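Notes for the one structure printed next.
Protein chains in written order, with the working numbering: chain A, 148 to 544; chain B, 12 to 484.
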């Protein structure tokens, strides 16, 4: 038997369908074929974005009373409805809202909230209860259960977040496909990768290293070869986050078979002098997402895309003594898509009268309900298997 | 049990109990009987070697600081933590007390905390350092009373009138019994009451605050009394489950990520019967036959620290800018004093993803040979260049890609090759493979090494440490 056939057969026998691309060419899908091929983009606003100054409860006296120095005044907002308005740095986001392409879900969180950045971030990534520690992410488990290739989930950022780590498969970190590819071109390592045979199939740690090596080579080649189909002419903000979203648009419009994209924008930890800091970041966010959506619309891919934006926690309602806010709890989550079933403000706005003992917002929607809805209604997979529990589905898609 | 260890067994022992052996140390140990080798391992680790990084100039945070001063202080704290990290890394790379350093690394992950305060961090580190080869019960009490753990697990917010269960929960779930192992939510609530009042003063020292303490009666794990924090620690140590949980964790760390329940039970009994003497449980492992079974050798994925320190010791690596070590720790996801959460680094396969694996593979050559891996004498490697090059662009002759890469530019380091080459003089290729690589070779590695016509020991060594096999120990 030829080695190539052997590899193919043993891979099939093992249940995996991973065929390294240097053994068998893998192709992106042409635009007519890929139409309807749904994907999601997950964006984390890292550091804990202050939801109340992002989507502002403009008619609420408590808001203005507890934030005498940092509340957004009416003139610095863009109206959503009578009692709610966008921070006026979210112009592009506001126009998506007006087009019926955005859904705002208020008061999203989880029981016994943790106010540590990294712990709360882990909870959102792993979709665990706040007193449980799970070492895999919800998107990693999606990969495990439904995908054959690591490149079905790509993080366009440095490193790989917990969210994209599965038990069997990890997503691929590919901030720059050229760099990723170059990283695999050194003669010695390429020599190893090309000569890997059945060792990659073993379950032990050595097998795992070789398997990851092979997956890296195959994904790097796949992404490199297939992401050049589309060259964007859309202008993005000259910022790392803007570049990352541009890269994602390039991937989607080139017809990659990737289902999950992940990126993040950091710097939201506004303990001190919040207003200028947060406003600047929200502007970058809005302009970048606006550009991304425009780009996708040009190739008619926005209808196949869902953008989930979250942050690890909201911030304390009352401002602190340094014109900033401290770590809080529940927050809004936004969904942007060309195929929403329900756009607009999904549920009740934050109740500032009913705060917890720390003066933080109480959640009414478990964040895992949002995940379950996306998994089940959008990606059309079994959410209970991935989230290890049955969370109530919502109606936004 | 035979009288002497084989070279492989010695290297195995030292990779697990330390950070690997140099050829000279290996030679020396080969002369000793097994018991003597183990005995030396322990005796060489008697010194505590407290870190010397000076932290007195860092003022303690207080309420009178304004926002700008607070920010400045925070930056100083981060810089100080780097200093502490680099001193500890240096100590791991050069110290004779390898077993102690190894145990500190183990317990630092067992008692995971992240406070980004130099004084508290160093204090916790020293509490662990002093007890790393002593009594686990004493270490548990010392660590539980450390301002770092008290702050990190919110026990300052644990007050009679408003109990905070975090500390009590983690003491049971992570430090002693293990998750869902013989305690109930009620036990946590009651234990939390006993820990009320364990706090810190304004200078970040431990302080018991009687006015916050709940004097009432508590019932924890079936025992009732007007317990204080130390009583809960005592009760937890009375549970054999604590010895079992710790033994299982040690087994996974020192022996094999796949647990053998019988061996864990032998360890747990020895640990419990010795009243938690850490040396006893370690000796139970290191003196057993099963520790050296082939299925336990070369099956552990080195942590980033293992990888950096192990290479550093073997090749006497000197970093032009020691901050490269911080860079590596960040890139490889093990920045000391910044664990991912209170449960610590999960380790094993979790170290590996596509971005860390490529960096890990390139790290040895980048550090000891400017990224250059000589392959021209290897037919298999050279062949693969033509078969894998992109043929769509015609028959361009494939170019050898070697040397300078992103990592090489970031890490500027040198190795002491003279010393290494003298120490391995006379070793055959097979000897070198056995010496540097712990696992059984994969088919690929075997094929590549068999094809190597490389007669230059240095070049061959660099090939060896660049193989995926070097990532295991």
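Glycine included, each C-beta is placed from N, C-alpha and C at the ideal position.
Note that the coordinates shown come from a computational prediction; the quantities given were computed from them, not determined experimentally.
For residue 234 of chain A, the first and last residue of its enclosing beta strand (DSSP E): Per DSSP, residue 234 of chain A belongs to the beta strand (DSSP E) from 231-234.
Exposed or buried, residue 225 of chain B, counting other C-beta atoms within 10 Å across all chains shown (16 or more means buried)? buried
Completely contained alpha helix (DSSP H) runs for the segment 322-382 of chain A, where each covers 4 or more residues: Those alpha helix (DSSP H) runs which fall completely within the segment 322-382 of chain A and span 4+ residues are 324-330, 334-342, 352-373.
Which residue from B/426, B/479, B/387, B/449 puts its Cα closest to that of residue 467 of chain B? Here the closest residue by C-alpha is B/387.
Chain B within 8 Å of residue 312 of chain A, Cβ atoms only: Chain B, which has a Cβ nearer than 8 Å to the Cβ of residue 312 of chain A, makes this yes.
Where does residue 25 of chain B land, buried or exposed, given buried means 16+ other C-beta within 10 angstroms? buried
Quick check on residue 86 of chain B - is its C-beta less than 8 Å from some C-beta in chain A? no
Which residues mark the beginning and the end of the beta strand (DSSP E) in which residue 226 of chain A is found? 224-228
Burial state of residue 472 of chain A (16 or more Cβ within 10 Å): buried
CB-CB under 6 Å to residue 331 of chain A, same chain, minus the five flanking residues each way: which ones, in chain order? 364, 367
Starting from residue 361 of chain B, find everything on chain A with Cβ-Cβ shorter than 7 Å and list it in chain order. Within chain A, the residues near residue 361 of chain B are 282.
Status (buried if at least 16 other CB within 10 Å, exposed otherwise) for residue 1 of chain B: Lying before the first or after the last residue shown, residue 1 of chain B is absent from chain B, which here runs from 12 to 484.
Can you find at least 3 beta carbon pairs, one from the segment 250-258 of chain B and one from the segment 183-202 of chain B, that sit closer than 8 Å? yes
So who's on the other strand from residue 276 of chain A, going by DSSP bridges? The partner list for residue 276 of chain A (beta bridge, DSSP) is empty, contrary to what the question assumes.
Answer with yes or no whether the minimum CB distance from residue 443 of chain B to chain A is below 8 Å. no
Note down the Cα distance separating residue 360 of chain B from residue 212 of chain A, rounded to an integer number of angstroms. 51 Å
Cβ of residue 96 of chain B within 8 Å of any chain A Cβ: no
How big is the Cα-Cα spacing for residue 78 of chain B and residue 91 of chain B? Counting only the Cα atoms, residue 91 of chain B lies some 20 Å from residue 78 of chain B.
If you run the structure through DSSP and keep just helix, strand and coil, what is residue 256 of chain A? strand
Give the straight-line distance between the Cα atoms of residue 297 of chain B and residue 412 of chain A, rounded to the nearest whole angstrom. Approximately 48 Å between the Cα atoms of the pair.
Residue 402 of chain B to residue 300 of chain B span [Cα, whole Å]: In this prediction, residue 402 of chain B scores a pLDDT of 43, lower than 50, which makes its location untrustworthy; the coordinate-derived value is nonetheless stated afterwards. When rounded, the distance between both Cα atoms is 54 Å.
Can you tell me whether residue 384 of chain B is helix, strand or coil according to DSSP? coil
Would you tell me roughly how many angstroms separate the C-alpha atoms of residue 197 of chain B and residue 184 of chain A, rounded to the nearest one? 50 Å
Going along the chain, which residues of the segment 284-304 of chain A sit with their C-beta nearer than 8 Å to a C-beta in chain B? 297
Please name the residue or residues paired with residue 299 of chain B in a DSSP beta bridge. None; residue 299 of chain B has no bridge partner.
Cβ of residue 404 of chain B less than 8 Å from any chain A Cβ? Bear in mind that a pLDDT of 46 at residue 404 of chain B, under 50, signals an unreliable position, so the model cannot answer this.
Around the Cβ of residue 427 of chain A, are there at least 16 other Cβ atoms within 10 angstroms (buried) or fewer (exposed)? Classified as exposed, residue 427 of chain A has fewer than 16 neighbouring CB atoms from the shown chains inside 10 Å of its CB.
Partners in chain A for residue 249 of chain B, counting only beta-carbon separations shorter than 9 Å: Within chain A, no residue comes near residue 249 of chain B; the closest Cβ sits about 24 Å away, beyond 9 Å.
Grab the span of the beta strand (DSSP E) containing residue 191 of chain A for me, first residue to last. Note, residue 191 of chain A: beta strand (DSSP E), 186-192.
By Cβ distance below 6 Å, which residues in the same chain neighbour residue 316 of chain A in space, the five residues on each side in sequence not counted? 290, 291, 297
So, is residue 418 of chain A buried or exposed, given that buried needs 16 or more other C-beta atoms within 10 angstroms? So residue 418 of chain A ends up on the buried side.
Beta-carbon proximity list for residue 470 of chain A, same chain, < 8 Å, skipping 5 on both sides: 216, 217, 419, 420, 421, 422
Proximal residues of chain B, C-beta to C-beta of residue 420 of chain A below 9 Å: 78
Can you tell me the Cα-Cα spacing of residue 445 of chain B and residue 312 of chain A, whole angstroms? 33 Å
Identify the continuous beta strand (DSSP E) that holds residue 408 of chain A and give its terminal residues. 407-412
Select from A/481, A/530, A/464 the residue whose C-alpha is nearest the C-alpha of residue 509 of chain A. A/464
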